[in-house]
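In my numbering, the protein residues as written are 51 to 391.
Written out as structure tokens, the structure reads:
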């Protein structure tokens, strides 16, 4: 009989994507393995990207916290618990290694495992796991998840990471933006933002080359930035607000992408289109974009990567990004696109 496992990886977008190769390894090592995934609402579409995932179980934790207790979300919480208790799993792998994820794992029926205290995000989870495994986090998130799954399920992994995503998952008729470039200008930390002047210059280079550029957004702040960039450069098309699934479909049809240390850059790399990642304050070795056609550009300055959310030298225009010019970014993108043609 095929084994059943539940993967717990609640957030964020990039972290869920980094878990996909571990699932690819697992189903390759154990054909017939049944995989369910527990994640938070905003990232359910990412879990659905892998064809080996049977069911995606969604938690509304973040929304519930904002709403406070009310009749509707009390019913939803009870429904989630019932869903988690409805099936027995041979193994429950907590790849989040947080108290919030381990608590949910304990509600499930099955053996809960996760990283050891040496590598878990929350050390207290060691008291909640039946078994724990030591992984090497210095090799980056993707490799550490691959090690965790391999030890938990009892196989050896090797080779390059396979995300399991194919461009054929999205019907041609439902997509727009074919053969365009797409720029991911939004991210979380202030220190991870490439200056708007750099984006404007990059759009100008694309305009001169006759390359159409799409700009997605997921918040009003990102929409306002996209509007400023397009207005200043007199180039680019702002996409409507899309679900993650639909946006991934658009990305799959683009000829190339440029992005920051943000989840959408990782989506592009996982899908397999040419993508250039821009890294200043964060470490491209640990969280860089992965993919056969991915190129990460890291700031060439002594203080980088500082891993600080706000640059202590210049909060609005971190000096590290002066070393990553629009000309360099576009040149690297052109090289990748040429290889893919």
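All C-beta atoms, glycine included, are put in the ideal place defined by N, C-alpha and C.
How would you label residue i, buried or exposed, when you count the other beta carbons within 10 angstroms and need 16 or more for buried?
i, result
"residue 119", "exposed"
"residue 230", "buried"
"residue 112", "exposed"
"residue 128", "exposed"
"residue 124", "exposed"
"residue 359", "exposed"
"residue 315", "buried"
"residue 223", "Reliability of the predicted coordinates at residue 223 is poor, the pLDDT of 42 falling under 50, and no value is obtained from them."
"residue 377", "exposed"
"residue 290", "exposed"
"residue 233", "buried"
"residue 218", "exposed"
"residue 64", "buried"
"residue 199", "buried"
"residue 177", "exposed"
"residue 241", "buried"
"residue 51", "exposed"
"residue 132", "exposed"
"residue 357", "exposed"
"residue 342", "exposed"
"residue 263", "buried"
"residue 59", "buried"
"residue 312", "buried"
"residue 146", "buried"
"residue 366", "exposed"
DSSP three-state call for residue i: helix, strand or coil?
i, result
"residue 35", "Since the first residue of the chain shown is 51 and the last is 391, residue 35 is not available in this structure."
"residue 169", "coil"
"residue 184", "coil"
"residue 284", "coil"
"residue 306", "strand"
"residue 312", "coil"
"residue 289", "coil"
"residue 195", "helix"
"residue 159", "strand"
"residue 131", "helix"
"residue 55", "strand"
"residue 452", "There is simply no residue 452 to check, as the chain begins at 51 and stops at 391 in what is shown."
"residue 327", "strand"
"residue 61", "coil"
Since I believe residue j is in contact with residue i (beta carbons under 8 Å), could you give me their beta-carbon distance rounded to a whole number of angstroms?
i, j, result
"residue 340", "residue 192", "6 Å"
"residue 346", "residue 331", "Rounded, the Cβ-Cβ distance is 14 Å, inconsistent with contact."
"residue 139", "residue 55", "6 Å"
"residue 134", "residue 107", "7 Å"
"residue 237", "residue 310", "4 Å"
"residue 265", "residue 288", "5 Å"
"residue 323", "residue 307", "6 Å"
"residue 298", "residue 67", "With a Cβ gap of about 10 Å, residue 298 and residue 67 do not count as contacting."
"residue 163", "residue 102", "Not really, about 19 Å apart at Cβ, beyond 8 Å."
Give a yes or no on whether the minimum CB-CB distance between residue i and chain B is below 7 Å.
i, result
"residue 276", "Structure shown: chain B not included; a single protein chain is present."
Is residue i near the ligand ADP, judged by its Cβ being under 6 Å from some heavy atom?
i, result
"residue 241", "Because no ligand of any kind appears in the structure shown, any question about the ligand ADP cannot be addressed here."
My parser needs the beta strand (DSSP E) runs of 3 or more residues fully inside the stretch 330-391; what are they? List check, beta strand (DSSP E) in window: 344-348.
Report the residue ranges of all alpha helix (DSSP H) runs contained in full by the stretch 203-271; include only those spanning at least 4 residues, in chain order. 246-259, all fully within the stretch 203-271.
May I ask you to verify whether the stretch 53-73 touches the stretch 203-215, counting CB pairs closer than 8 Å and requiring at least 3? Yes: the two stretches touch, three or more of their Cβ pairs being nearer than 8 Å.
Sequence ranges, beta strand (DSSP E) only - wholly within the stretch 69-119, length at least 3: For the stretch 69-119, the continuous beta strand (DSSP E) assignments of 3+ residues that do not extend past its boundaries occur at 84-90 and 103-109, in sequence order.
Could you check whether the stretch 146-157 touches the stretch 166-174, counting it as contact only if at least three pairs of C-beta atoms, one from each stretch, sit closer than 8 Å? With a cut-off of 8 Å, the stretch 166-174 and the stretch 146-157 count as touching, because enough Cβ pairs lie within range.
Is it true that the stretch 252-266 meets the stretch 277-284, where meeting means three or more beta-carbon pairs spaced less than 8 Å apart? Taking 8 Å as the limit for Cβ pairs, the verdict is that the stretch 277-284 does touch the stretch 252-266.
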